[in-house]
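Chemist: Residue numbers (this note's numbering): 138 to 650. In this text, a Cβ means the ideal position worked out from N, Cα and C, and glycines have one as well.
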């Protein structure tokens, strides 16, 4: 991608940082996370501030199994982990992304043979494995949360196989951090059955609460595979229509119900219905004991699941400050427009065109409107008969940070209306129930306005005109430049009338010289 000249007025979007040298250096980054339960390679690609997962592979190795009893890494797990890292190094070499950034967490740092394993990995694969302590693990996980929620505040809880970490977030910065032995692999090695496990969990969480300053009422971000598995079970129990784990919200009451649901369920049958791996589902009952006690003691005001954790935190660590502070949603949409739209840059003009229709929109709604305008044309290669549904599917299920679930549906519905006026019989209709009537109406208006604006392309730098909206008089006026007059044909007029009908407005057309 060529460097854009400094003279361009980037308007409300700001300069696209993925086009800067510092961001281009992060355009494809590979990280390895050697955990107590799994070893994973993730290769991030795309807009550095909100990267896509170019490659993502996980091997369940259970390195930490039996560690409490033997003090050593699980021998079979060690063999599997070394084989996995050897494979990941070969993949990275083929992708041209060496050297990899690789960290090992609780199992390797606690095992008496952990450093020997690190030396074996370096000798056999060339990968330098950094063994990090619990507080550093907590910091990196919290930074992963910041990748998706810049400026966040609350409590980050990252559960792994052999440990659980807590980190405080305030004004987008990581504060107090603590670590514990509350990983499910550790808990299942406690003698004395369920009663002993629950007693250990209660005692440990009470200590963590004291060390964190007895904080309560914070937003709680859940990071880690066991938490995501519980969230997936919660979705299944509730019949939740959008199975996207990132930004999934749960209340204390829902978590309590789901913990009871897990206790009463057959794990193998639950595993099949929820598509959870066998090794992961075996840890879910123990993790639910921890989560239930965590909720009881810390009393969070709300709970959000984060798919971003230590691996994303490792990427965040490499970002310059100005990149960290950008909105991940807008950066991702800018990147998608630059890569896939027929006329990159037109999204800025389209935003200016539709914005007058939303004079009272708050900053949260404004960013969704911006995102929609940037994405309005990125699915043009899809077959026309399916384009509307493709745009909805992409918006609701894409790897986009900083989007609540209902905002995903709003964005998807607006993009669907960009391509069609018929949305009631789509297979996605059940998801529309996540929006209220006002939001559904606003998504329709936004989509129809983008549908009209898309008919008035001149260039990425020349506005075709503007919309004027008098909400009190219910009067809509389209003001076009003389240059744009030839573009306003029969189809454009029909789209203008469709927009006016959605607004319940009268309509007028003016041309300016």
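So, for residue 266: in the same chain, excluding its five sequence neighbours on each side, which residues have a beta-carbon less than 6 Å away from its beta-carbon?
Modeler: Contacts found: 239, 241, 255, 258.
Chemist: By how many angstroms is the C-alpha of residue 337 removed from the C-alpha of residue 330?
Modeler: Those two C-alpha atoms are separated by around 11 Å.
Chemist: Between the beta-carbon of residue 481 and the beta-carbon of residue 474, is there less than 7 Å?
Modeler: The answer is yes: Cβ separation under 7 Å.
Chemist: By alpha-carbon positions, which one of 551, 523, 244, 174 ends up nearest to residue 532?
Modeler: The residue with the shortest Cα to Cα distance from residue 532 is 551.
Chemist: Spell out the partners DSSP gives residue 267 in its beta bridges.
Modeler: The partner list for residue 267 (beta bridge, DSSP) reads 240.
Chemist: Whose C-beta lies closer than 6 Å to the C-beta of residue 636 among residues of the same chain, with five residues either side of it excluded?
Modeler: Cβ within range, chain order: 585, 586, 589.
Chemist: In its own chain, which residues sit with a C-beta less than 7 Å from the C-beta of residue 142, not counting the 5 before and 5 after it?
Modeler: Unreliable placement is indicated for residue 142, whose pLDDT of 43 sits below 50; the coordinate value is still reported in the next sentence. The answer is none, since no qualifying residue turns up.
Chemist: Check this for me: beta carbons of residue 525 and residue 581, under 7 Å apart or not?
Modeler: In this structure, residue 581 does not lie closer than 7 Å to residue 525 by Cβ.
Chemist: Counting only runs that start and end within the region 239-318, where is the beta strand (DSSP E) found for 3 or more residues in a row?
Modeler: List check, beta strand (DSSP E) in window: 266-268, 291-296, 301-307, 310-317.
Chemist: Nearest to residue 356 by alpha carbon, out of 237, 522, 304, 414?
Modeler: Of the candidates 237, 522, 304, 414, the one whose C-alpha sits nearest the C-alpha of residue 356 is 304.
Chemist: Let me know the secondary structure DSSP gives residue 583 once reduced to three states.
Modeler: Here residue 583 sits in helix by DSSP.
Chemist: To which residues of the same chain is residue 445 closer than 8 Å at the C-beta, ignoring the five residues directly before and after it?
Modeler: Once the five neighbours on either side are set aside, the close Cβ partners of residue 445 are 281, 282, 284, 285, 360, 383, 538.
Chemist: Output the distance between the C-alpha atoms of residue 632 and residue 593, rounded to the nearest integer angstrom.
Modeler: C-alpha separation (whole angstroms): 11 Å.
Chemist: Classify residue 352 as helix, strand or coil using the three-state DSSP reduction.
Modeler: Looking at residue 352 - three-state DSSP - the assignment turns out to be coil, as it is neither helix nor strand.
Chemist: Out of 542, 515, 621, 493, which has the shortest C-alpha to C-alpha gap to residue 608?
Modeler: Residue 608 has its Cα closest to that of 493, out of 542, 515, 621, 493.
Chemist: Measure the C-alpha to C-alpha separation of residue 517 and residue 605 and round it to an integer number of angstroms.
Modeler: Between residue 517 and residue 605, the C-alpha separation is close to 28 Å.
Chemist: With burial defined as no fewer than 16 other Cβ atoms inside 10 Å of the residue's Cβ, what is the status of residue 364: buried or exposed?
Modeler: Residue 364 should be labelled buried.
Chemist: Do the region 384-401 and the region 302-321 make contact, defined as three or more Cβ pairs closer than 8 Å?
Modeler: Not touching, per the Cβ criterion.
Chemist: Label residue 174 either buried or exposed according to how many other C-beta atoms from any shown protein chain fall within 10 Å of its C-beta, with 16 as the threshold for buried.
Modeler: By the neighbour-count rule (16 or more Cβ atoms within 10 Å), residue 174 is buried.
Chemist: How big is the Cα-Cα spacing for residue 345 and residue 220?
Modeler: Residue 345 and residue 220: Cα-Cα distance of roughly 36 Å.
Chemist: Just how far apart, CA to CA, sit residue 456 and residue 167?
Modeler: Going from the Cα of residue 456 to the Cα of residue 167 covers about 14 Å.
Chemist: Quick check on residue 601: buried or exposed, where buried means 16 or more other Cβ atoms within 10 Å of its Cβ?
Modeler: Counting Cβ neighbours within 10 Å, residue 601 comes out buried, since at least 16 surround it.
Chemist: Is residue 165 helix, strand or coil by DSSP?
Modeler: Three-state result, residue 165: strand.
Chemist: What residues in its chain sit with their C-beta under 6 Å from that of residue 195, if we drop five residues either side in the sequence?
Modeler: Excluding residues within five positions, the ones whose Cβ falls inside 6 Å are 175, 177.
Chemist: Under DSSP, the alpha helix (DSSP H) around residue 409 begins and ends at which residues?
Modeler: Where residue 409 is concerned, the enclosing alpha helix (DSSP H) stretches over 404-411.
Chemist: Can you give me the start and stop residues for the alpha helix (DSSP H) that residue 435 sits inside?
Modeler: Residue 435 -> alpha helix (DSSP H) spans 421-435.
Chemist: When you compare the region 566-583 with the region 612-628, are there three or more beta-carbon pairs, one atom per stretch, that lie closer than 8 Å?
Modeler: Counting Cβ pairs under 8 Å, fewer than three are found: no touch.
Chemist: Under 7 Å, do residue 353 and residue 436 count as touching if we go by C-beta distance?
Modeler: A contact, by the Cβ cut-off of 7 Å.
Chemist: Using a threshold of 7 Å, state whether the C-beta atoms of residue 289 and residue 277 are closer than that.
Modeler: Their beta carbons are not under 7 Å apart, which means residue 289 does not touch residue 277 by this criterion.
Chemist: With burial defined as no fewer than 16 other Cβ atoms inside 10 Å of the residue's Cβ, what is the status of residue 187: buried or exposed?
Modeler: Classification for residue 187: buried.
Chemist: By how many angstroms is the C-alpha of residue 375 removed from the C-alpha of residue 649?
Modeler: Their Cα atoms are separated by approximately 55 Å.
Chemist: Given residue 229, which residues of its chain have a CB within under 6 Å of its CB, disregarding the five upstream and five downstream residues?
Modeler: Around residue 229: 167, 235, 237.
Chemist: From the DSSP output, which residues share a beta bridge with residue 193?
Modeler: BP columns for residue 193 point to 179.
Chemist: Can you say whether residue 310 is buried or exposed, counting buried as having 16 or more other CB atoms within 10 angstroms of its CB?
Modeler: Exposed, by the Cβ-count rule.
Chemist: Does the separation of the CB atoms of residue 612 and residue 643 fall below 7 Å?
Modeler: Contact: yes.
Chemist: For residue 234, which of helix, strand or coil comes out of DSSP?
Modeler: Three-state DSSP puts residue 234 in coil, outside helix and strand.
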